[in-house]
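Each protein sequence line maps, in turn, to chains A and B. With numbering that gives the first Met the number 0, letter number 144 in the first sequence gets 143, and the count goes up by one each step, no holes. With numbering that gives the first Met the number 0, letter number 57 in the second sequence gets 56, and the count goes up by one each step, no holes.
2 protein chains.
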Amino acid sequence: MPENDPTPSEQSETAERFNQARTAQALALLEDYTEMIDDLIRDHGEARVTEIASRMGVTHPTATKAIARLKREGLAVSRPYRGVFLTEAGTRMAARVRTRHRVVVDLLLAVGVPGEAAKLDAEGIEHHVSDDTLHAFEAFLRARGQV
Amino acid sequence: MPENDPTPSEQSETAERFNQARTAQALALLEDYTEMIDDLIRDHGEARVTEIASRMGVTHPTATKAIARLKREGLAVSRPYRGVFLTEAGTRMAARVRTRHRVVVDLLLAVGVPGEAAKLDAEGIEHHVSDDTLHAFEAFLRARGQV
DNA sequence: GCACAATTAAAGCCATGGCTACACTTTTGT
DNA sequence: ACAAAAGTGTAGCCATGGCTTTAATTGTGC
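Structure follows, in structure tokens:
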């Protein structure tokens, strides 16, 4: 990742949009794993590599690599042959992701998306929902809920 | 991409969701480029590598690589130092993507997302909108439009 | 308490999608 | 007409995120 000004500020609006989408995508993996680890700790008191891999639909080495990245980013800690745990930052990310996921699914349902499709599509959509959009979704749901 | 049964069918529902999101992501690049090329041909009568790169916010070798992939997939054709053109399949993909993009932006606006955020987020969201979800969005917009 | 099963780690391969650097066309301006 | 500028192509680097294979550790059953 080059540190040198990748957004020369006189970049086309279109290019900016694509760049933002790419940035969001780079974060998606971290978000998914932190949420998954948080889920597992809630359910089983611990998060083991094998279980993480199985739920993410990848092989263990792939999960191990992802966890290494989480550790590098200060989101998780782990000791060899022991479980994985989230740091404070990781926990905060998990909470944020969990909320956003729920709101996205609820919004899809509210506008008439069938339950199955809502669950499937939310997994990809959520990573591209900005704070502004999230707040709009929440406002929409509140308004709807009160009708 | 291994051809061998990556979906053993007794895979957890969660894993399936993530796998689907990953598949959608792999298609996103092709979709973005075909739409961009289609746009450029409409606007300028041709799509040149430099212009594609500039609008996508990448360097021209990156665009060249993407175009090579489009050609491999039978979506585009090009001759050295000449423009890029879409095949029949590419044109069809572009049309589908364009429609979906518009519907996603309209839906975001309809539920109260600010214009700027709608444009930005739609770029990432659209690739994860399945046909079922798209149809639901269209139905919602039709119902709204008639109020 | 020890052998075997299950889990985890490590190493190394592949494709993708970014990038820079450099070479070669094509276009343009005088 | 030709030199300079713009555009395009090619090669090769890097990180990511998949994978398989092999090795090491942990935990269990007898």
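The beta carbon of each residue, even a glycine, is placed where N, CA and C say it ideally should be.
Interface flag for residue 92 of chain A against chain B is unset, since no Cβ pair is found closer than 8 Å. Taking 8 Å as the threshold, the shortest C-beta distance from residue 16 of chain B to chain A falls below it. Counting the other CB atoms within 10 Å of its CB gives residue 107 of chain A a total of 16 or more, which places it among the buried residues. Excluding the 5 residues flanking it on each side, residue 86 of chain B has same chain C-beta neighbours closer than 8 Å at 73, 74, 75, 76, in chain order.
Taken through DSSP and simplified to helix, strand or coil, residue 94 of chain A comes out as helix. Cα atoms of residue 53 of chain B and residue 20 of chain B: separation of roughly 27 Å, rounded to the nearest angstrom. Contact of residue 96 of chain A with chain B is not assigned, every C-beta pair being separated by 8 Å or more. DSSP places residue 83 of chain A inside the beta strand (DSSP E), whose first and last residues are 83–85.
Using a Cβ-Cβ distance cut-off of 8 Å, the region 110–121 of chain B and the region 86–100 of chain A are not in contact, since fewer than three pairs of beta carbons, one from each stretch, lie closer than that value.
Taking residue 28 of chain A as reference, the option from B/31, B/30, B/28, B/24 with the minimal CA-CA separation is B/24. When the five nearest sequence neighbours on each side are left out, the beta carbons in the same chain lying within less than 7 Å of the beta carbon of residue 128 of chain B are those of 99, 103, in order along the chain.
The Cβ neighbour count for residue 58 of chain A, taken over all protein chains shown within 10 Å, is under 16; the residue is labelled exposed.
Residue 39 of chain B and residue 118 of chain B have their C-alpha atoms some 19 Å from each other. Contact of residue 54 of chain A with chain B by beta-carbon distance below 9 Å involves 11, 13, 14, 17. For residue 77 of chain A, the beta-bridge partners assigned by DSSP are A/83.
At a beta-carbon threshold of 7 Å, the residues of chain B lying near residue 118 of chain A are 16, ordered along the chain.
In the three-state reduction of the DSSP assignment, residue 46 of chain B falls in the coil class, being assigned neither a helical nor a strand state.
Annotation: Cβ neighbours of residue 136 of chain B in chain A (cutoff 7 Å, chain order): 110. Annotation for residue 61 of chain B: 52 place their beta carbon closer than 7 Å to its own, counting only its chain and skipping 5 residues before and after. Nearest C-alpha to residue 65 of chain B among B/17, B/26, B/120, B/10: B/26.
Burial state of residue 93 of chain A is buried, judged by a 10 Å Cβ sphere holding 16 or more other Cβ atoms.
Residue 56 of chain A and residue 18 of chain B have their alpha carbons spaced roughly 7 Å apart.
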